[in-house]
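Following: one structure in structure tokens, then a few remarks.
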Amino acid sequence: AQKVTQAQTEISVVEKEDVTLDCVYETRDTTYYLFWYKQPPSGELVFLIRRNSFDEQNEISGRYSWNFQKSTSSFNFTITASQVVDSAVYFCALSEAPASGGSYIPTFGRGTSLIVHP
Amino acid sequence: AAGVIQSPRHLIKEKRETATLKCYPIPRHDTVYWYQQGPGQDPQFLISFYEKMQSDKGSIPDRFSAQQFSDYHSELNMSSLELGDSALYFCASSLEGVGTGYTFGSGTRLTVV
């Protein structure tokens, strides 16, 4: 079984603040993938990052950074100097190696709604 | 770059009617996934296809069926629609093995009245 927990339902910040979105996952597999997606008010799911379980290197992309810690089963997402356009729901997702004949199926967390005020 | 195309973007149906949602994956992607996202909910996996064969099944109601055609596009058929079927329906595509991750379409917003 796999499970993704995003304990923060909603976060409200003022522009230029840094904000961290938490993601904790559960899996018994040693091979798995973690993802973050952004869902703006328009509704589409925008891919942000994919990380496999063998790569614990943290990643930075502009104002976005991700901290993957297998020891705590966490894959947290930080936005530096937040902007109003960052306002969206952010989903963390996990997919495990499939059973024979199956596919990797992403399971999503409940999402964190980020509101950035001007 | 080509993305996942879903049609229609919006659909309004009455209870007990049927609906067909279409998904055109990214060229050369061999796996298609369907998800349902209710209001304020996370996307829930419905069904997936790999090389035109059903590969996995999630929480898809018996009233729903899906298939993937020879050109790799997929259709989700929904019959005897209920009010609770109102949701955003996403299609995603990938290359088997997650090497390229999952690319989602913009979704079809279905409203059942």
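Quick mapping for you: the protein sequence lines, in order, are chains A and B.
First residue of the first sequence? That's 1 in this note's numbering, and the numbers climb one at a time after it.
First residue of the second sequence? That's 1001 in this note's numbering, and the numbers climb one at a time after it.
All C-beta atoms in this analysis are idealised placements derived from N, C-alpha and C, irrespective of residue type, glycine included.
Checklist entry - If the cut is a Cβ gap below 8 Å, which residues of chain A does residue 1090/B touch? => result As a working mapping, residue 1090/B is identified with position 90 in the second sequence. In chain order: 45.
Checklist entry - So with Cβ pairs under 8 Å, would you call residue 110/A a contact of chain B? => result As a first step, residue 110/A must be located in the first sequence, where it is residue number 110. It does: the Cβ of residue 110/A has a partner Cβ on chain B nearer than 8 Å.
Item to check | Contact set between the segment 1024-1042 of chain B and chain A, restricted to residues whose Cβ is under 9 Å from the partner | outcome: 1031, 1033, 1035, 1037, 1040, 1041, 1042
Item to check | Same chain only: Cβ atoms within 6 Å of residue 1018/B, ignoring 5 sequence neighbours per side | outcome: Residue mapping note: residue 1018/B aligns to position 18 of the second sequence, counting from 1. Only 1079 meet the Cβ criterion.
Checklist entry - Is there contact between the segment 64-73 of chain A and the segment 1014-1034 of chain B, where contact requires at least three CB pairs shorter than 8 Å? => result no
Item to check | Residues of the segment 59-86 of chain A with Cβ closer than 8 Å to any Cβ of chain B, in chain order | outcome: none
Next on the checklist: Between residue 51/A and chain B, is any beta-carbon pair separated by less than 8 Å?
Outcome noted: Mapped onto the first sequence, residue 51/A falls at position 51. Closer than 8 Å: no.
Next on the checklist: I'd like to know if residue 1101/B contacts chain A, where contact means its C-beta is closer than 8 Å to some C-beta of that chain.
Outcome noted: The count along the second sequence starts at 1 and reaches residue 1101/B at position 101. With 8 Å as the cut-off, residue 1101/B counts as an interface residue toward chain A.
Checklist entry - Cα separation between residue 17/A and residue 8/A? => result As a working mapping, residue 17/A is identified with position 17 in the first sequence. As a working mapping, residue 8/A is identified with position 8 in the first sequence. Their Cα atoms are separated by approximately 17 Å.
Checklist entry - In angstroms, rounded to a whole number, what distance separates the CA positions of residue 1038/B and residue 1069/B? => result The residue given as residue 1038/B occupies position 38 in the second sequence. The residue given as residue 1069/B occupies position 69 in the second sequence. Approximately 27 Å, taken between the alpha carbons.
Checklist entry - Helix or strand or just coil, what does DSSP make of residue 112/A? => result Translated into positions along the first sequence, residue 112/A becomes position 112. Under the three-state reduction of DSSP, residue 112/A is assigned to strand.
Next on the checklist: Distance cutoff 8 Å, beta carbons only. Does residue 1072/B sit that close to anything in chain A?
Outcome noted: Here residue 1072/B corresponds to residue number 72 of the second sequence, with the count starting at 1. Cβ-Cβ to chain A under 8 Å: no for residue 1072/B.
Checklist entry - Start and end of the beta strand (DSSP E) containing residue 1033/B? => result Indexing the second sequence from 1 puts residue 1033/B at position 33. Looking at the DSSP string, the run of the beta strand (DSSP E) that includes residue 1033/B is 1031-1037.
Checklist entry - Does the segment 78-94 of chain A touch the segment 104-112 of chain A, meaning 3 or more C-beta pairs lie closer than 8 Å? => result Counting Cβ pairs under 8 Å, three or more are found: they touch.
Checklist entry - How would you call residue 6/A, buried or exposed, if buried means at least 16 neighbouring beta carbons within 10 angstroms? => result As a working mapping, residue 6/A is identified with position 6 in the first sequence. So residue 6/A ends up on the buried side.
Next on the checklist: I'd like to know whether the C-beta of residue 1048/B is nearer than 8 Å to at least one C-beta of chain A.
Outcome noted: As a first step, residue 1048/B is located in the second sequence; it is residue number 48 there, counting from the start. Residue 1048/B counts as touching chain A.
Checklist entry - What is the DSSP secondary structure of residue 1083/B, counted as helix, strand or coil? => result As a first step, residue 1083/B is located in the second sequence; it is residue number 83 there, counting from the start. Reduced to three states, the DSSP call for residue 1083/B is helix.
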